[in-house]
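Quick note: the sequence shown uses the numbering used here, first residue 269, plus one each step.
Even glycine gets a Cβ: it sits at the ideal position worked out from N, Cα and C.
In this text the structure is predicted, and so the values were computed from the model without any measurement.
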Amino acid sequence: TVFSSSLPFYQITNQAYLELGVSFTELELKLTGPLGRFLLAQLHSYADSKTAWSSLRSGETWTLGDNAVPAVLLHKNPYHYTYEDAREVNADGSYGRVLHGVRKLRVYSHMDSRLILEDFFAKVSLHDRKTEDCKIISE
Numbered sequence: 269t270v271f272s273s274s275l276p277f278y279q280i281t282n283q284a285y286l287e288l289g290v291s292f293t294e295l296e297l298k299l300t301g302p303l304g305r306f307l308l309a310q311l312h313s314y315a316d317s318k319t320a321w322s323s324l325r326s327g328e329t330w331t332l333g334d335n336a337v338p339a340v341l342l343h344k345n346p347y348h349y350t351y352e353d354a355r356e357v358n359a360d361g362s363y364g365r366v367l368h369g370v371r372k373l374r375v376y377s378h379m380d381s382r383l384i385l386e387d388f389f390a391k392v393s394l395h396d397r398k399t400e401d402c403k404i405i406s407e
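As structure tokens, then:
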């Protein structure tokens, strides 16, 4: 399994993911260009489905947890993490015995939500601006 292999492994806790929450109102205000509107439409479409009600959505808020993975891989910021011994994963998804000496997992317990979310919004906005600039040049 992945946990018993020698590959480096980063684990992002549920608490860290939940720090990446935004309101639908914030998304409406910040995702105003073509790409932003497309992403927002996809999010609203999913939010209206029965499968959307989970720990990722609560009322008028949404957790954009997918941004956590590239953040820990691309940003060299000192996020809050500890190193813990790898463990077996049981068939039901719970942790089993500790695999002493196999390797340590880097376990993130906190994210810099301001940096991660504002970086996401800026990248979407920049993409839309560059796309618009290309349209003007080609006309």
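#1: Would you kindly check if the distance between the Cβ of A339 and the Cβ of D387 is under 9 Å?
#2: Near G304, what residues of its chain come up, given a Cβ to Cβ distance below 6 Å and the 5 sequence neighbours on each side ignored?
#3: Give me the DSSP bridge partner(s) of S274.
#4: Could you check what DSSP says for S313 in three-state terms: helix, strand or coil?
#5: Using beta-carbon positions only, say whether Y278 and Y349 come within less than 9 Å of one another.
#6: Would you kindly check if the distance between the Cβ of W330 and the Cβ of S291 is under 9 Å?
#7: Alpha carbon to alpha carbon, how far is R371 from S274? Give it in angstroms, no decimals.
Reading off the structure:
#1: Yes.
#2: If we look at G304 and ignore the five residues flanking it on each side, its Cβ neighbours are V392.
#3: As DSSP reads the structure, S274 sits in no beta bridge.
#4: Reduced to three states, the DSSP call for S313 is helix.
#5: Pairing Y278 with Y349 gives a Cβ-Cβ distance under 9 Å.
#6: Cβ atoms of S291 and W330: closer than 9 Å.
#7: A straight-line Cα-Cα distance of about 7 Å links S274 and R371.
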